[in-house]
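Asker: The opening residue of the sequence shown carries number -14 in our numbering; numbering runs sequentially from there.
The C-beta atom is built at its ideal place from N, Cα and C for all residues, glycine as well.
Every value quoted in this text rests on a predicted model; they were computed, and no experiment measured them.
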Amino acid sequence: MNTETESPKKLSLVVFSGSFEKVHYALVMASAALATGREVTLFFTMDASRALFAPSGWRHLRTEAEGATATSIDLSYSTRGIGSFEELLSACASLGAKFMVCEMGLRALGLESETTRDELSIEKGGVVTFLNDAKQSGEMLFI
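1) Taking the continuous alpha helix (DSSP H) assigned at threonine 101, which residues delimit it?
2) Is the beta carbon of alanine 82 less than 8 Å from the beta carbon of leucine 19?
3) Spatial neighbours of leucine 74 within its chain, please: CB distance less than 7 Å, with the 5 preceding and 5 following residues excluded, ordered by chain position.
4) If you run the structure through DSSP and keep just helix, strand and coil, what is phenylalanine 115?
5) Where in the region -10 to 48 do unbroken runs of the beta strand (DSSP E), each at least 3 residues long, occur, reported from the N-terminal end onward?
6) What is the rounded straight-line gap between the Cα of aspartate 59 and the Cα of alanine 76?
7) Return the CA-CA distance between alanine 50 and serine 61, expressed in angstroms with no decimal places.
8) Determine the closest residue to phenylalanine 29 out of Ala17, Arg23, Gly42, with distance taken between C-alpha atoms.
9) So, does the region 83 to 92 touch the region 102 to 118, judging by three or more C-beta pairs under 8 Å?
10) Express the C-alpha separation of methionine 14 and threonine 21 in angstroms, rounding to a whole number.
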């Protein structure tokens, strides 16, 4: 087996940015990896953690586009045939993504008492937990 041409078996994403567009794209990458048979762990930390808050905390993420809201960008994506935030999140969950939220990130922002979404199985943990979850034959991305 030629390891130079072999695809990674697992994708581990650190979702750090509180930008709607970047969190959305992390879900795009995760759902694509899952659809092609790879394992995926999404480790949300700092402002990106807000995307996992109940009922739809992602709507409060900041945006890169001046004057736009997460909701308006999501609607714009959807009308152009791009998966909406909820569709991508649901696809990741149904395809078996592992969702983690960083305890340190929550504490740093004073958000440790926020309620996360019930329909997702979200594991609270730290960086060591995330690193132990990664695979030697995998890739890590920081978004």
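Answerer: Put simply:
1) First-last for threonine 101: undefined, no H or E at that position.
2) yes
3) Excluding positions up to five away in sequence, the list reads Leu12.
4) helix
5) -5 to 0, 24 to 29
6) 16 Å
7) So the two alpha carbons sit approximately 12 Å from each other.
8) Gly42
9) yes
10) Approximately 11 Å between the Cα atoms of the pair.
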